[in-house]
Each structure stands twice: as C-alpha cells, then as structure tokens.
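What follows is a set of notes on a single structure, which appears directly below.
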Amino acid sequence: MSLLLGLIGFALGMTLGGFFAKRLKKAPRISVDAEYWVLIRNTVLPPQEDLLRRLLHENPYGKARNPIGTGEALILSDVRLHLALVLREKNATKFRPDLFASAVSEREHLDALLSANAFIRVGYHSDDPVSDRRHLKFLVHAADAYADLADGVAIYDRTADRFFTREEFRQLLKADPGALAADLHLKRGWRPDGEGDIAFAVGFQKIGLPNLETERVAKDGTTLMDAVFESLTDQIWADGKVENQIELFGDTFRGVPTHRKGKPVLLRILRYQLS
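Going by the numbering used here, the first residue of the sequence shown is number 1, and it counts up by one from there.
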C-alpha cells in the first residue's frame, strides 16, 4: 500500500512539476535593456560635471518643475549605467549605414549619420527587475544633454531601433518632458506577411518586457487593428504587464500572450462584444 501511494505521489509530482516548468518556460525573465547612441561632431566625452549641470540646473524642459530630480541624478552613480565614447576613426564599422537601414528612412537621417565623428553610448542594463522607471527619464534627458554639449546631430534609440535628428528628438522631449510616454519609447508598425500584415511593437525591453507582434491580419482589417494594437500596447506599457485588456469602440479587447523562444511574444487579440 505504501509503495502504491509512493508511486502515485511520484507521478503527481512529475505532472505538477512538468506543468509549472511549462508555465515558467512560457514567461522567461527579460533583462531590462535601454540604450541610446548620441551621434556627435565632437570627439571628446563631456565631463560628468557638465552633464549634471545641464540636467539639474540648465534643463530647458523644466519650466514649472525640472523633470530631472535627485532620484534621477543618482542613476549616474548606478553600476548598471554605461557611458562610453565611440570614435568613428577607431570603430568605422559601427557607423556603416546598412546597420541602421531599418531605422534610417529619410535622407536627413542619413546625412546626420554620415556627418558624425563619434557617438556617445548612453545605456542601462539590469538582469533584475527595476522598481520604477527613473532610468528611462535619465537616459532620455542625458542623451538630449549630450547632444547639446557635444554638437550632436542625431540620436539613435538602439533598443527600439528608431533614429531621430537632433531637432526631432528635441520636439519629442518638449511634448513629453517626463520622458515616459509609450510614443517616445516604442517603435510600432506593420510588416507584410503572406496575404496579410503583422503588427509589431519594439522597445518593451526598456522596462523588462518582451517585444510583441500579432497574428497575421487580413489587409482589410488593419485599420481597425491599428487603433486596437496602439491602445493595447499603450496600456501594456503603462501597467508593465503583457496580459492586458482595453475597451474601445464599445467592445473589450484582450491580449493573450504566447511566449516563443528567440522570437517576439505572439499577442493574440480577442474581441468581446458588450451587450
């Protein structure tokens, strides 16, 4: 009898263990990874004293209240922050236009890339979850500050694969001085796939979430799905969790994630009509 109970317990343990192992496999931990390349004409990294002064005392985006306070400034001493100067003359391959092909879409962007003599890498990496998003605010404002201090011509968001001229980045920061909105941090769009299109969102690794893409959508359904996907990814960004839902057009739309090894999370969007 005891042998039978032992075998049953072993089988049950194996079943539950397999179940939880599958659950863990479905939702792997994603490292926090955010990085900006500030393309500059100068070839010297500005002193940290100049950076702090620009962030704390000469910040042009702090009208009523400076968006960078002591909490954000402390990121400068965080071991997870990485600052480095990369010179074109020593790292020519880093400046190859083909490396930026998916982000550089205009002649103005290409001209800015070709005119840069160096770039300042402003990055933050953490294998553990972060408790807030101060690192994002700091990185964006630091990238902007370095552009002012070192004759910047463009800023490349490596994590979201987006390229901005100096003026484009300045205007985005003017519109969102807090530097935390999804529009500033995510790259969203469509890519063709057979007889339809797939919506994608890149940049979620900045807050430790996976990048997302939908199932194939028929071409006549992309207009509706575009609004739904943007609103849903806005909510995911705000809440910091992938499994989420929104109400739009009088209906409820729920995102159900499927984690895939080495690929963006597949986000199935289910529609529930409200009666």
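C-beta atoms are modelled at their ideal positions from N, C-alpha and C, and glycine is treated no differently.
Treat the numbers as computed from the prediction; the structure is a model and nothing was measured.
- Rounded to whole angstroms, Leu83 and Leu76 show a C-alpha spacing of 9 Å.
- When Cβ pairs closer than 8 Å are counted between the two stretches, the stretch 108–125 is seen not to touch the stretch 50–57, the count staying below three.
- Closest by C-alpha distance to Gln205, out of Val86, Leu85, Gly196, His135, is His135.
- Fewer than three Cβ pairs drawn from the stretch 215–232 and the stretch 164–177 lie within less than 8 Å of each other, which leaves the two stretches out of contact.
- If you compare the alpha carbons of Arg121, Ala160, Asp157 with that of Ala150, the shortest gap goes to Arg121.
- Asn42 places its beta carbon 9 Å or farther from that of His141.
- Residues Leu56, Asn59 of the same chain have their beta carbon placed closer than 8 Å to that of Asn66, with the five preceding and five following residues left out of the count.
- Straight-line measurement puts the Cα of Arg271 at about 12 Å from the Cα of Leu224.
- Glu168: member of the alpha helix (DSSP H) spanning 166–175, first to last residue.
- Bounds of the alpha helix (DSSP H) holding Gly71 are 70–73.
- Phe229: member of the alpha helix (DSSP H) spanning 222–239, first to last residue.
- Considering only Ala143, Val217, Val202, the residue with the shortest C-alpha distance to Pro210 is Val202.
- Listed in chain order, the beta strand (DSSP E) elements of length 3 or more contained wholly in the stretch 107–161 are 118–126, 152–157.
- Boundaries around Ala199 are those of the beta strand (DSSP E), 196–202, since no alpha helix (DSSP H) includes it.
- Between Ala103 and Ile40 the beta-carbon gap is near 18 Å, outside 8 Å, which marks them as no contact.
- Setting aside the 5 residues that flank it on each side, Leu248 is surrounded in the same chain by Ala227, Val228, Ser231, each with a C-beta closer than 8 Å to its C-beta; the list follows chain order.
- When the five nearest sequence neighbours on each side are left out, the beta carbons in the same chain lying within less than 8 Å of the beta carbon of Glu108 are those of Thr165, in order along the chain.
- Ranked by how close their Cα comes to the Cα of Pro129, the residues Lys94, Asp161, Lys90, Arg80 have Arg80 in first place.
- In the three-state scheme derived from DSSP, where H, G and I count as helix and E and B as strand, His185 is classed as helix.
- According to the DSSP assignment, Asp50 belongs to the alpha helix (DSSP H) that extends over 48–56.
- The three-state secondary structure of Ile207, taken from DSSP, is helix.
- Taking the CA atoms as reference points, Val217 sits about 30 Å from Ala34.
- Under DSSP, Pro192 shares a beta bridge with Asp197.
- Under the three-state reduction of DSSP output, Thr93 falls in the helix class.
- Taking Tyr61 as the centre and dropping the five residues before and after it, the same chain places the C-beta of Pro67, Leu173, Lys174, Pro177 closer than 7 Å to its C-beta, in chain order.
- Under the DSSP assignment, Asp33 falls in the beta strand (DSSP E) whose first and last residues are 32–40.
- Note that the C-beta distance between Ala145 and Ala182 is not below 9 Å.
- Selection Gly123, Arg29, Gly69, Asp78 evaluated against Val38 yields Gly123 as nearest (Cα-Cα).
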